[in-house]
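Everything below concerns the one structure shown next.
Numbering (this note's numbering), first residue to last: 383 to 651.
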């Protein structure tokens with residue numbers, strides 16, 4: 383099986399949609415939907431930031447990439463998060479950055495990368511006193527993969543079939559007998575999270591728990607067979623590495639993540 387795995391780093395998202403860049407593609411299709419469900423992009427992140435400047439209390443979700451007819455985006459589109467409780471100072475700060483509902487300045491063309499905004503957020507986070515901030519030494523990081531990247535995380539097929547994959551009960555599996563810490567990393571960060579079907583009368587309904595698109599109120603959408611069949615094409619490991627030799631206890635993935643956040647909170651005297 384070998385001692386190392388090499389990271390297959392995807393290309394930087396630079397596709398343009400409606401005049402803005404930073405997306406995996408200008409339109410979600412059967413061939414590229416996995417990218418939008420698994421890998422964050424600055425384009426979608428920028429769309430969420432721009433929504434914060436809207437005047438409406440509950441602004442309509444506006445992700446600029448195209449999608450199949452009669453579909454709407456779901457929470458499985460990585461980066462989508464409906465803004466809640468927008469405070470006036472947030473809107474003012476974004477206005478000072480030149481960010482509006484229709485404009486997100488880019489420092490590198492077609493990347494969705496805004497250095498000025500990123501530095502301002504970094505300055506705000508550095509002032510937090512409630513959380514412990516960990517420092518990362520980038521010179522010590524390596525391009526070689528780690529054990530946690532060959533640990534599979536699979537949803538249980540006996541319960542929680544209607545829950546979103548990010549909050550359902552999952553089980554970590556490995557081709558080797560690894561430490562509890564390595565297994566914990568899989569629960570928390572969702573390494574190699576497999577997409578499994580839920581309940582429903584049609585394949586479109588059964589795929590709702592992992593698909594970034596679903597039927598809209600305007601009409602029904604039938605998910606193509608290939609769309610569902612290739613859902614784990616980026617998750618499948620080479621023969622040998624994927625042979626199960628160890629299985630951890632099952633655990634809710636969202637609770638594992640909350641446990642990490644809780645440990646980052648400093649004790650208040």
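For glycine and all other residues, C-beta sits at the position ideal for the given N, C-alpha and C.
Selected residue, minimal CA-CA separation from residue 581, among 555, 545, 575:
Here residue 581 corresponds to residue number 199 of the chain shown, with the count starting at 1. Minimum Cα distance to residue 581 is reached at 545.
Identity of the residue in 603, 401, 468 nearest residue 491 by Cα
As a working note, residue 491 is residue 109 in the chain shown. If we check each option's Cα against that of residue 491, 401 comes out closest.
Which residues does DSSP pair with residue 485 in a beta bridge?
If you number the chain shown from 1, residue 485 lands on position 103. Paired residues: none, contrary to the question.
Please report the distance separating the alpha-carbon of residue 619 from that of residue 482.
Counting from one through the chain shown, the residue named residue 619 turns up at place 237. Counting from one through the chain shown, the residue named residue 482 turns up at place 100. When rounded, the distance between both Cα atoms is 43 Å.
Might you give, ordered along the chain, the residues of its own chain that have their beta carbon closer than 6 Å to the beta carbon of residue 427, omitting 5 neighbours on each side?
Position 45 of the chain shown, counted from the start, is the residue given in the question as residue 427. Correct list, in chain order: 461.
Helix, strand or coil for residue 586 per DSSP?
Reading the chain shown from its first residue, position 204 is the one you call residue 586. Reduced to three states, the DSSP call for residue 586 is helix.
Residue 572 vs residue 635 beta-carbon contact at 8 Å:
Along the chain shown, one-based indexing puts residue 572 at 190. Along the chain shown, one-based indexing puts residue 635 at 253. Yes. Within cutoff.
Between the segment 443-463 and the segment 413-433, do at least 3 Cβ pairs fall closer than 8 Å?
yes
State the DSSP-derived secondary structure class of residue 392, mapped to helix, strand or coil.
Sequence index remark: in the chain shown, residue 392 carries index 10 (1-based). In this structure, residue 392 counts as coil in the three-state DSSP scheme.
Since residue 476 contacts residue 445 with CB under 8 Å, what's their CB separation in whole angstroms?
Taking the first residue of the chain shown as position 1, residue 476 is located at position 94. Taking the first residue of the chain shown as position 1, residue 445 is located at position 63. With a Cβ gap of about 18 Å, residue 476 and residue 445 do not count as contacting.
Measuring alpha carbon to alpha carbon, tell me which of 616, 486, 614 ends up nearest residue 496.
As a position in the chain shown, residue 496 is number 114, starting the count at 1. Looking at the Cα atoms, 486 is the closest of the given residues.
Residue 606 to residue 600, Cα distance in whole Å?
On the chain shown, residue 606 is found 224 positions in, with the first residue counted as 1. On the chain shown, residue 600 is found 218 positions in, with the first residue counted as 1. Answer to the nearest angstrom: the Cα atoms are 19 Å apart.
Boundaries (first-last residue) of the beta strand (DSSP E) holding residue 455:
The residue labelled residue 455 in the question sits at position 73 within the chain shown. That run of the beta strand (DSSP E) goes 453-455.
Own chain, CB closer than 7 Å to residue 597, minus 5 neighbours either side, in chain order
As a position in the chain shown, residue 597 is number 215, starting the count at 1. Closer than 7 Å at Cβ, skipping near neighbours: 452, 453, 586, 603.
Using CA coordinates, which residue listed in 447, 437, 414 is at the minimum distance from residue 613?
The residue given as residue 613 occupies position 231 in the chain shown. Taking only the C-alpha atoms, the option nearest residue 613 is 414.
Taking the continuous alpha helix (DSSP H) assigned at residue 640, which residues delimit it?
By one-based count along the chain shown, residue 640 stands at place 258. Where residue 640 is concerned, the enclosing alpha helix (DSSP H) stretches over 635-646.
Skipping 5 residues on each side, what residues in its chain have a beta carbon closer than 6 Å to that of residue 651?
Locating residue 651 in the chain shown gives position 269, counting from the first residue. Residue confidence for residue 651 is low, a pLDDT of 41 falling below 50, so the modelled location carries little weight; the figure read from the coordinates is stated next. Within the same chain, residue 651 has no close Cβ partners at all.
My understanding is that residue 434 touches residue 409, with C-beta atoms under 8 Å, so please give their C-beta distance in whole angstroms.
To locate residue 434, count along the chain shown from 1; it is residue 52. To locate residue 409, count along the chain shown from 1; it is residue 27. That belief does not hold up - the Cβ atoms of residue 434 and residue 409 are roughly 25 Å apart, past 8 Å.
What residue range is occupied by the uninterrupted beta strand (DSSP E) comprising residue 553?
In the chain shown, counting from the first residue as 1, residue 553 sits at position 171. Here the beta strand (DSSP E) through residue 553 covers 551-556.
Beta strand (DSSP E) containing residue 404: first to last residue?
Indexing the chain shown from 1 puts residue 404 at position 22. Per DSSP, residue 404 belongs to the beta strand (DSSP E) from 402-405.
If you follow the alpha helix (DSSP H) that residue 465 is part of, which residue opens it and which one closes it?
The sequence position of residue 465 within the chain shown is 83, counting from 1. Note, residue 465: premise wrong, no alpha helix (DSSP H); not H, not E.
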